Amino acid sequence: MRVALHTRVRGDRIEAYEAAHREVPAELTAAIRAAGATEWTIWRSGTELFHVIECADYARLLAALEGLPVNIAWQSRMAGLLEVVHDYSGPGAGAGLPVVWEL
């Protein structure tokens, strides 16, 4: 499945956000892959961030990552950089952007 998400970086933290993503911990990327993600791309337009995740089951991916110490540390780091954060709660599994059109 493919899931699109929207988050927002704080205007004064763009450089820090991009720097953090140049150094995503290998342990975290391995955990994301082990949880079923095959692709995760983030685009930025100003402060708006758009994510597209390809995975077998998004709800299962979130559940697998939610309690992992490496993900908890990463989400804590991101919370200081973002105005709109990624939702790892149960309801967050249904929080993807709705599809309007596909080719």
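So the sequence shown is residues 421 to 523, counted in the working numbering.
Ideal Cβ placement from N, Cα and C applies to all residues, glycine included.
Values in this document were obtained by computation on a predicted structure and should not be read as measured data.
Asked                                                                                                                                            : Found
Would you mind sorting Trp521 into buried or exposed? The rule is 16 or more other CB atoms within 10 Å of its CB.                               : exposed
Could you tell me which residues DSSP puts in a beta bridge with Thr427?                                                                         : Leu469
Indicate whether Glu474 and Ala457 have their beta-carbon atoms separated by less than 8 Å.                                                      : yes
Using only the alpha-carbon positions, how far apart do Asp477 and Arg422 sit?                                                                   : 9 Å
Bridge partners for Glu459 per DSSP, in chain order?                                                                                             : Glu474
In the DSSP assignment, find the alpha helix (DSSP H) that holds Leu448 and state where it starts and stops.                                     : Ala446 to Ala454
Ignoring anything shorter than 3 residues, give me the beta strand (DSSP E) runs that lie fully in the region 485-514, in order along the chain. : 502-504
Report, in whole angstroms, the separation of the C-beta atoms of Glu468 and Arg428, which I expect to be a contact under 8 Å.                   : 6 Å
Under the rule that 16 or more other beta-carbon atoms within 10 Å means buried, what is Ala454, buried or exposed?                              : exposed
By the 10 Å Cβ neighbour count, where 16 or more other Cβ atoms means buried, how is His463 classified, buried or exposed?                       : For the record, residue 463 in the displayed sequence is Trp; it is not His. It is exposed - the Cβ of Trp463 has fewer than 16 other Cβ atoms within 10 Å.
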